[in-house]
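A quick write-up on the structure given underneath.
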Amino acid sequence: MKVFERLDASVSFGEEERLLLESVRKLAREKLAPRAAELDRTATFPQENVRDINQLGLNAMFVPEAYGGSPVSYAAYLACVREISAACASTGIIWATTFHAMKPLVDFGAEEQKKRLLPRIASGGLGALAITEPTAGSDATGMKTRFTPDGDHIVIDGGKTFITNGDLADLYLLFGKWSGEADDRRAISCLLLEKNTPGLSVLRTEDKMGHRASSTAALAFERCRVPRANLLAGPGEGLKLLLASLNRSRPSVAAHALGIARAAFQDAVAYVNQRRQSGHAIIEFQGIQFLLADLAAELAQCEAWLWHVARLVDGGAADFGIEASILKLRASDLAMRIATEAVQLHGGYGYCKDYRVERLMRDAKITQIWEGTNQIHRQLIGRHFTEK
Ligand SMILES: Cc1cc2nc3c(=O)[nH]c(=O)nc-3n(C[C@H](O)[C@H](O)[C@H](O)COP(=O)(O)OP(=O)(O)OC[C@H]3O[C@@H](n4cnc5c(N)ncnc54)[C@H](O)[C@@H]3O)c2cc1C
Numbered sequence: 021m022k023v024f025e026r027l028d029a030s031v032s033f034g035e036e037e038r039l040l041l042e043s044v045r046k047l048a049r050e051k052l053a054p055r056a057a058e059l060d061r062t063a064t065f066p067q068e069n070v071r072d073i074n075q076l077g078l079n080a081m082f083v084p085e086a087y088g089g090s091p092v093s094y095a096a097y098l099a100c101v102r103e104i105s106a107a108c109a110s111t112g113i114i115w116a117t118t119f120h121a122m123k124p125l126v127d128f129g130a131e132e133q134k135k136r137l138l139p140r141i142a143s144g145g146l147g148a149l150a151i152t153e154p155t156a157g158s159d160a161t162g163m164k165t166r167f168t169p170d171g172d173h174i175v176i177d178g179g180k181t182f183i184t185n186g187d188l189a190d191l192y193l194l195f196g197k198w199s200g201e202a203d204d205r206r207a208i209s210c211l212l213l214e215k216n217t218p219g220l221s222v223l224r225t226e227d228k229m230g231h232r233a234s235s236t237a238a239l240a241f242e243r244c245r246v247p248r249a250n251l252l253a254g255p256g257e258g259l260k261l262l263l264a265s266l267n268r269s270r271p272s273v274a275a276h277a278l279g280i281a282r283a284a285f286q287d288a289v290a291y292v293n294q295r296r297q298s299g300h301a302i303i304e305f306q307g308i309q310f311l312l313a314d315l316a317a318e319l320a321q322c323e324a325w326l327w328h329v330a331r332l333v334d335g336g337a338a339d340f341g342i343e344a345s346i347l348k349l350r351a352s353d354l355a356m357r358i359a360t361e362a363v364q365l366h367g368g369y370g371y372c373k374d375y376r377v378e379r380l381m382r383d384a385k386i387t388q389i390w391e392g393t394n395q396i397h398r399q400l401i402g403r404h405f406t407e408k
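Numbering-wise, our numbering puts 330 at position 310 of the sequence shown, and it's gapless, one number per residue.
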């Protein structure tokens with residue numbers, strides 16, 4: 021694993037970030053990883069993991085100092101996502117979702133909104149990002165949730181589906197359309213919805229293939245009133261916020277997918293070294309070596325691209341959407357491939373729940389679907405090369 025250790029060591033972190041990463045690694049190794057199989061088996065939300073993450077104060081990295089936080093570089097954030105997700109993919113996405121949902125508030129919120137809402141996130145509150153609707157998935161501009169102004173309030177009617185943390189969030193970043201604006205793109209607006217707002221209800225949570233310990237909720241809004249002070253940016257400015265938020269969340273879900281990929285690769289290597297057939301450790305067979313070589317080469321290159329994107333973001337680049345799409349596409353396809361091959365390399369044992377690769381393969385699948393399906397990312401990347 022020297023190749024990967026050296027790649028990790030090539031990323032430059034400050035001293036405080038290095039210490040933080042060390043404590044995240046310890047948490048992942050000692051607490052999150054040992055709990056993951058049981059949480060998956062029972063599909064239980066990992067309250068204990070969230071508590072432990074909050075004891076380390078990890079949410080503080082999502083929030084500027086002025087509002088009670090303690091920000092780190094984007095590279096350090098991605099490294100934390102990867103570590104947590106390698107140990108427990110459900111916990112990884114629960115934690116990262118709060119970042120995905122709150123980053124637009126940090127970047128586009130008014131001073132009063134940030135002062136009022138961000139301290140509760142810094143101290144451990146859960147966020148949810150609510151875009152998808154039953155009839156608007158890949159094409160978010162088809163969303164039907166309505167925001168109707170009513171004096172000092174906005175009335176929300178509609179519904180969302182597949183919302184991570186949707187039944188438990190303290191704060192929702194919610195997208196909908198401004199009433200009276202006919203143009204789909206110009207109507208999209210964004211507001212902050214607080215927990216327990218009357219008119220917000222949870223219709224159900226999904227019974228899923230993987231990420232079974234994270235909750236995925238369908239929400240309904242019926243004459244749900246929020247103060248107009250919770251509107252983020254202006255009416256009709258939601259699409260800009262949506263795209264900006266996806267640019268930050270896509271590298272993050274890629275880091276999450278690479279956590280799954282790393283875990284599967286490690287398990288595969290450990291197994292082929294120890295498993296013997298025909299008088300040999302199976303890693304001695306050339307067919308197995310060729311497969312490991314291909315997986316290692318792709319993993320190393322994809323991780324190098326992760327740090328490339330992190331450097332772009334930390335360097336202040338405004339336009340990195342295509343690089344983010346390339347990363348999300350590659351990392352998630354690779355997570356699925358390595359997890360599937362890891363099951364194959366475990367033979368019949370890989371198909372049984374005694375080995376972690378069985379869970380990793382189920383957890384990997386969604387990474388190709390959420391945050392824009394990989395078909396959509398292929399379309400975005402391909403379209404970028406159209407000559408104008
Ligand atoms: C576990 C889980 C957690 C999620 N968390 C969140 C969350 O926190 N917040 C949130 O807002 N959403 C969330 N989602 C929703 C997720 O982002 C959507 O499922 C995803 O964007 C796809 O939308 P869809 O399911 O409606 O599929 P559809 O858009 O209906 O797509 C169906 C198929 O058609 C393909 N397709 C669609 N359009 C095109 C096209 N133009 N070209 C080629 N192929 C196309 C798709 O790639 C896909 O294969 C989550 C979903 C799941 C399952």
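Backbone N, C-alpha and C fix where the C-beta goes; we use that ideal spot for every residue, glycine too.
Only a predicted model underlies this, so the values are computations on that prediction, with no experimental measurement involved.
- Rounded to whole angstroms, T118 and R296 show a C-alpha spacing of 45 Å.
- Comparing alpha-carbon positions, the option among Q309, F305, A283, L365 lying closest to A355 turns out to be A283.
- For the set L332, A57, E50, the Cα lying nearest the Cα of Y375 is the one of A57.
- Taken in chain order, the whole alpha helix (DSSP H) runs of length 4 or more contained in the stretch 158-245 are 204-207.
- By the CB criterion at 9 Å, L262 and I151 fall inside the cutoff.
- Not one heavy atom of ligand 1 falls within 8 Å of the beta-carbon of S90.
- In the DSSP annotation of this structure, the continuous segment of the beta strand (DSSP E) that includes A148 starts and ends at 147-150.
- Taking 9 Å as the cut-off, the beta carbon of R55 is found closer than this to the beta carbon of N69.
- Taking a cut-off of 8 Å for Cβ pairs, the stretch 354-368 and the stretch 324-337 do not touch, as fewer than three such pairs fall below it.
- Here P247 is bridged, per DSSP, to H173.
- Taking C-beta atoms as the reference points, Y192 and A142 fail to come closer than 9 Å.
- Checking the 8 Å criterion, the Cβ of G129 is out of range of every heavy atom belonging to ligand 1.
- For S93, there is no enclosing alpha helix (DSSP H), since its DSSP letter is neither H nor E.
- Within 8 Å of the C-beta of T168 there is not a single heavy atom belonging to ligand 1.
- Here P66 is near A233, since their CB atoms are less than 9 Å apart.
- Spatial neighbours of G370 in its own chain (CB-CB distance under 6 Å, excluding positions within 5 residues in sequence) are listed in chain order as V363, V377.
- Between the beta-carbon of L188 and that of L146 there is about 6 Å, and that keeps the pair under the 8 Å contact cut.
- According to DSSP, residue pairing for A57 in a beta bridge does not occur.
- Setting aside the 5 residues that flank it on each side, L400 is surrounded in the same chain by G341, I342, S345, G392, each with a C-beta closer than 8 Å to its C-beta; the list follows chain order.
- Non-local C-beta neighbours of C372 in its own chain, meaning closer than 7 Å and more than five positions away in sequence, comprise E378, ordered along the chain.
- The alpha-carbon of P169 is positioned some 36 Å away from that of L78.
- For M163, the number of other beta carbons within 10 angstroms of its own is at least 16, and it is reported as buried.
- When the beta-carbon positions are compared, L52 and A107 come within less than 9 Å of each other.
- At a cut-off of 8 Å, the beta-carbon of W390 counts as near ligand 1: some heavy atom of the ligand is closer than that.
- The secondary-structure analysis by DSSP pairs A301 across a beta bridge with R296.
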